[in-house]
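Numbering (the UniProt record's numbering), first residue to last: 1 to 526.
Just so it is clear, CB atoms sit at the ideal spot from N, CA and C, and this is done for glycine as well.
Single-structure report; data block below.
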């Protein structure tokens, strides 16, 4: 039994249109949880404060601070109204009725408490915020249940509504930290329990939470009904033909990338780790640095948020990457970087997207500003096995060893997804060549590097082989161009920057095997 103190208590009837402020009675840098029994049985919002987190005794909530709005079509189920929170000025009002649905779902899974960041973090206290952020992964990992509210805390979303939940940075860690079987999606549902389901490509094993008002299903079921179809869903009150959900929007890349994380053996597997990086690049948040804080726990890293300014995503990303490498991890972000330009001054990283409180993560391209989700290739093509180990300094210089070969420039052609194979690997005179995705053409010299005394050298550095995800969601195919490499060019003695990448067919394997290993210091042009 964990000792606790009640730091806030108010009747639900008195909460409507008020601002909840627990700063007077709460102690910074402690855990706080909402009492479900008090909420459901006594109509009281009671917040307990703990020195130690009572593991497996509480549920967490994953939601967006700015969710679905309310109009005349979505007020019929409201009884208690809303309240706001001191310091949480950029979020929606909290619906007491939505919180009741969440408490009910938690109690049905025998969770005594709920952790909700808006109420359980002192929003106007920077020290408490930083303390809680460093423990965010642990808070979600130790929960008995994670309840996903795609529409936010203002109202429950219906299954045919679009939300931005899957586009937000923080929601990624929130659902990956707990056991996947403990992550449920809570939504508005008036059709009763399911009587029969006919499907070959999706599951939808839901259970009512508040009969006639809400239901919940496993997150993976909600994702599968987004990417697949149920031919017929017969419920107590309605029969659906070709049932699917749109809770996660209509851009399928968000769903497929999250499925790649979930379906590839967890974060001990490089394929899942690379999908996490791709998810992170696609998602957005209010403060750029949150893009790093929202995933650091997945890699076993706990950076101090007070070290970084809100817009210092680059500095925080370098710190995260350096810690991952120091702990024996691989530079798996390079897999996602292959299809993005390098970050200015830190070419070991992909260009870091612009984030927005509302909207998409974007990058400026030759075609204008575009969502990153549209730029990155479909995750189902696979992940890169063999990404190198290495080390990174505080400026983002990444030092690693890799099979590599000297390159001599030989011209340029139109850029794009250029796949090197037997059709392109030799020039008109029969000499070995390779074409980068930026259209530059290079002669490869293996074993005779000393012959060419260049002022500034260029190399092709091989970083791994494309490997297909095993999930049935992505189908099954063999890529004839599975090998990946990066183009690095020297800008000062011994220091290189990444300028492009290579897609190579199996015909290049004998040449890769002949390459000697080079230590490359991958920095960046300032």
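Inset, instruction - Note down the Cα distance separating residue 143 from residue 405, rounded to an integer number of angstroms. - result: Annotation: residue 143 to residue 405 spans about 50 Å, alpha carbon to alpha carbon.
Legend entry - Validate contact between the stretch 113-129 and the stretch 201-213 using beta carbons, cut 8 Å, 3 pairs: Between the stretch 113-129 and the stretch 201-213 there are fewer than three inter-stretch CB-CB distances shorter than 8 Å, so the stretches are not counted as touching.
Inset, instruction - Check whether the Cβ atoms of residue 341 and residue 351 lie closer than 7 Å to each other. - result: Their beta carbons are under 7 Å apart, which means residue 341 touches residue 351 by this criterion.
Legend entry - Limits of the unbroken alpha helix (DSSP H) element including residue 276: 270-282 is the span of the alpha helix (DSSP H), which, as asked, contains residue 276.
Inset, instruction - Count the C-beta pairs between the stretch 192-200 and the stretch 278-285 that are closer than 8 Å, then say yes if the count reaches three, no if not. - result: Taking 8 Å as the limit for Cβ pairs, the verdict is that the stretch 278-285 does not touch the stretch 192-200.
Inset, instruction - Count the C-beta pairs between the stretch 49-64 and the stretch 132-152 that are closer than 8 Å, then say yes if the count reaches three, no if not. - result: The stretch 49-64 vs the stretch 132-152: in contact.
Legend entry - the stretch 475-483 touching the stretch 252-270, judged by at least three CB pairs closer than 8 Å: With a cut-off of 8 Å, the stretch 252-270 and the stretch 475-483 do not count as touching, because too few Cβ pairs lie within range.
Inset, instruction - For residue 483, count neighbouring Cβ atoms within 10 angstroms of its own Cβ and tell me buried if that reaches 16, exposed if not. - result: It counts as buried.
Legend entry - Beta-carbon gap between residue 114 and residue 106 smaller than 7 Å: Yes. Within cutoff.
Legend entry - Residues bridged to residue 496 [DSSP beta-bridge criterion]: Note: residue 496 is bridge-paired with 490 and 522 in the DSSP secondary-structure output.
Inset, instruction - State the DSSP-derived secondary structure class of residue 234, mapped to helix, strand or coil. - result: In the structure shown, residue 234 sits in a strand (DSSP, three-state: E or B).
Legend entry - residue 520 versus 510, 474, 459 and 224, residue with shortest Cα-Cα distance: Looking from the CA of residue 520, the closest CA among 510, 474, 459 and 224 belongs to 459.
Inset, instruction - May I ask you to verify whether the stretch 73-92 touches the stretch 4-15, counting CB pairs closer than 8 Å and requiring at least 3? - result: The stretch 73-92 makes contact with the stretch 4-15, as at least three CB pairs between them are under 8 Å.
Legend entry - residue 157 classed as buried or exposed, judged by whether at least 16 other C-beta atoms fall within 10 angstroms: So residue 157 counts as buried.
Legend entry - Secondary structure of residue 245, DSSP reduced to three states: Reduced to three states, the DSSP call for residue 245 is coil.
Legend entry - Endpoints, alpha helix (DSSP H) assigned at residue 324: From DSSP, the alpha helix (DSSP H) with residue 324 extends over 313-326.
Legend entry - Option in 36, 135, 163 and 164 with minimal Cα separation from residue 110: Answer by Cα proximity: 36.
Inset, instruction - List the endpoints of the continuous beta strand (DSSP E) containing residue 70. - result: It is not in any beta strand (DSSP E) - residue 70 carries neither H nor E in the DSSP assignment.
Inset, instruction - Hey, could you find the ends of the alpha helix (DSSP H) residue 136 is sitting in? - result: According to the DSSP assignment, residue 136 belongs to the alpha helix (DSSP H) that extends over 136-141.
Legend entry - Span separating the alpha-carbon of residue 130 from that of residue 411: In a straight line, the C-alpha of residue 130 is about 52 Å away from that of residue 411.
Inset, instruction - From the DSSP output, in three-state form, read off residue 182 for me. - result: If DSSP states are grouped into helix, strand and coil, residue 182 belongs with the helices.
Inset, instruction - Could you tell me if residue 431 is buried or exposed, where buried requires 16 or more neighbouring beta carbons within 10 angstroms of its beta carbon? - result: Classification for residue 431: exposed.
Inset, instruction - Out of 9, 22, 60 and 67, state which residue places its alpha-carbon closest to the alpha-carbon of residue 45. - result: Comparing Cα positions, the closest option is 9.
Inset, instruction - Note down, one range per segment and in chain order, each alpha helix (DSSP H) of at least 4 residues found wholly within the stretch 328-354. - result: Counting whole runs of 4 or more residues, the stretch 328-354 contains the alpha helix (DSSP H) stretches 333-337.
Inset, instruction - Please confirm if the stretch 57-72 is in contact with the stretch 169-176, defined as three or more CB-CB distances below 8 Å between the two stretches. - result: The answer is yes - the stretch 169-176 touches the stretch 57-72, with three or more Cβ pairs under 8 Å.
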